[in-house]
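Colleague:
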Amino acid sequence: MERLNHLAGQLNPSSKQAILEKHPDDVVIVGAYRTALTKGGRGSFKDVGSDYILEKFLEAFLKKTGVDPTLIEDVACGNVLNTAAGASEHRGACLAAGIPNTAAFVALNRQCSSGLMAVADIANKIKVGDLECGLALGVESMSTNYGPQSIPKVDKHLQENPEMAKCLIPMGITNENVASKYNISRTAQDEFAARSYNKAERAVSQGAFKDEILPIESVLADEDDDDNVVYTKKMVDTDEGPRKGVTAASLGKLKPAFSSTGTTHAGNASQVSDGAAGVLLMKRSLAEKKGYPIEGKFVFCTSVGVPPEIMGVGPAYAIPSVLKKTGLKVEDVDVFEINEAFAAQCLYSAQTVNIPEERLNLNGGAIALGHPLGATGTRQYATILRLLKKGQIGLTSMCIGTGMGAASIVVKE
């Protein structure tokens, strides 16, 4: 009964002080890393699949963390575009990288929150005593899987159903709906996007991402002058999305992508990207027993539903929900990482929740860095744990296609 009461306290801590306390049953993070994010269709991962990216990343991850792979009891992997969320090929990639077949595996797809759902899945299993160590992953190859083939096939008897139709609205149009409904101007969106680019470029120039990125080898396939395919190896260690000198004025010259009167364009929307990220979670008592360095503590994660036609408002509802469930206030959170699916939806969400600009996406977001769909949730953990100082609280969040939002709380140790 004492353990159950403590567990209930973990699930619903009543204050900031309670969240900062340390207990043997805490879910802690002993490693959070990612690959560099590369340009979809033309970047350094354009000729390899998500299974290749994941296998190479896991080899580097296991080496970097020094974790004994036999401790890993379960692996959850977020992915959006692969058939069946990559259940077979990503399980195979884990085994190929050295994770023993005694570790279970689950493939998760909740659209853009899939990586975060992997973190929550493993964390919650540790919380209830199902396991003591698990690995949360996220991976996406938009180069190979993004396009017409990813459009869902709807039964002819449901194609005219208005509720079904709302779930099939293109993401860009849902963002136009948000911008129109909540009066988010093109100028405001471009200014927000320019800040993302500027912050990301500053972070790259200062080497801020070096600690969270694990370099991995890729293979490029190009044609020579005789149209023969030539394969070359390349070490990938730098994000390809950030650009120098981006301003609101330069973005203002771009044409709208979805309608002649729209406000969404390639420069104020997230980039199509490839990449992977992982978070290793343990019960605190196990991490301390084995002597693994503890980087942070997972506190809580929640998801909410919103109207599909304005799916981008998800964080505006998920963030208050996770704050309420953890007894926190906006001012208790030191750093916010909100996925920049689009400038309008991210800006609206931040303004609605009253998030100070100086605490939001400090090193830029998906507009500048990229948004490999299934990996973003885990990528955010790799980033936010480097931004937080000891004892500080971080919050990650994102909107979710078909009308949802998710948010989580993490503490830096």
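In numbering that gives the first Met the number 0, the protein residues as written are 0 to 412. C-beta atoms are modelled at their ideal positions from N, C-alpha and C, and glycine is treated no differently. As the structure is a prediction and not an experimental result, all values here were calculated from the model.
Considering only residues of the same chain and omitting the five flanking positions on each side of lysine 243, which have a CB-CB separation below 6 Å?
Modeller: Same-chain partners within the cutoff: Glu200.
Colleague: If you run the structure through DSSP and keep just helix, strand and coil, what is aspartate 236?
Modeller: Coil at aspartate 236, not helix or strand.
Colleague: Per DSSP, glycine 419 forms a beta bridge with which residues?
Modeller: The structure shown does not extend to residue 419, since the chain is modelled only from 0 through 412, so no value can be given for it.
Colleague: Alpha carbons only, please: which of Leu387, Leu130, Thr401 and Phe191 is nearest the one belonging to glutamate 339?
Modeller: That would be Phe191, whose Cα lies nearest to the Cα of glutamate 339.
Colleague: If we ignore side chains and look at the alpha-carbon of each, how far apart do leucine 322 and asparagine 182 end up?
Modeller: Their Cα atoms are separated by approximately 26 Å.
Colleague: Going by CA-CA distance only, name the one from Tyr291, Gln379, Ser43 and Arg358 that's closest to leucine 216.
Modeller: Here residue 216 is glutamate; the residue named in the question, leucine, does not match the sequence. Per the Cα distances, Ser43.
Colleague: Grouping DSSP H, G and I as helix and E and B as strand, with all else coil, what is glycine 42?
Modeller: The answer is coil: DSSP assigns glycine 42 none of H, G, I, E or B.
Colleague: Kindly provide the ranges of any beta strand (DSSP E) runs that are 3 or more residues long and lie completely inside the region 320–381, ordered along the chain.
Modeller: Within the region 320–381, the complete beta strand (DSSP E) runs of at least 3 residues are 334–337.
Colleague: Around the C-beta of proline 355, are 16 or more other C-beta atoms found within 10 angstroms, so that it is buried, or is it exposed?
Modeller: It is exposed - the Cβ of proline 355 has fewer than 16 other Cβ atoms within 10 Å.
Colleague: Is the number of C-beta pairs between the region 61–71 and the region 316–331 that are closer than 8 Å three or more?
Modeller: Cβ pair count under 8 Å is below three, so no.
Colleague: With DSSP collapsed to three states, give me the class of alanine 424.
Modeller: This structure cannot settle anything about residue 424, because the visible part of the chain is limited to 0 through 412.
Colleague: Just list the residues that DSSP pairs lysine 411 with in beta bridges.
Modeller: In the DSSP output, where bridge partners are listed per residue, lysine 411 has Gly295.
Colleague: Please state whether DSSP places threonine 64 in a helix, a strand or coil.
Modeller: Correct three-state label for threonine 64: helix.
Colleague: Name the DSSP beta bridge partners of lysine 282, please?
Modeller: BP columns for lysine 282 point to Val26.
Colleague: By Cβ distance below 7 Å, which residues in the same chain neighbour isoleucine 383 in space, the five residues on each side in sequence not counted?
Modeller: These residues qualify, in order along the chain: Val334, Glu336, Gly393, Thr395 and Val409.
Colleague: Would you check if there are 3 or more beta carbon pairs closer than 8 Å linking the region 141–157 to the region 270–284?
Modeller: Yes, they touch.
Colleague: What did DSSP end up calling aspartate 273 once you bin it into helix, strand or coil?
Modeller: In this structure, aspartate 273 counts as strand in the three-state DSSP scheme.
Colleague: For the 8 Å Cβ check, are there 3 or more pairs between the region 298–312 and the region 111–121?
Modeller: Yes: at least three Cβ pairs fall under 8 Å.
Colleague: Which one or two residues does DSSP pair with serine 217 in a beta bridge?
Modeller: Answer is Lys233.
Colleague: Please tell me whether arginine 242 has its Cβ less than 8 Å away from any Cβ of chain C.
Modeller: Although the question refers to chain C, the structure presented lacks it and comprises just one protein chain.
Colleague: Helix, strand or coil: how does DSSP classify glutamate 1 here?
Modeller: Because the pLDDT at glutamate 1 is just 45, under 50, the model does not fix this residue reliably, and the value given afterwards should be weighed accordingly. Residue state, collapsed to three classes: helix.
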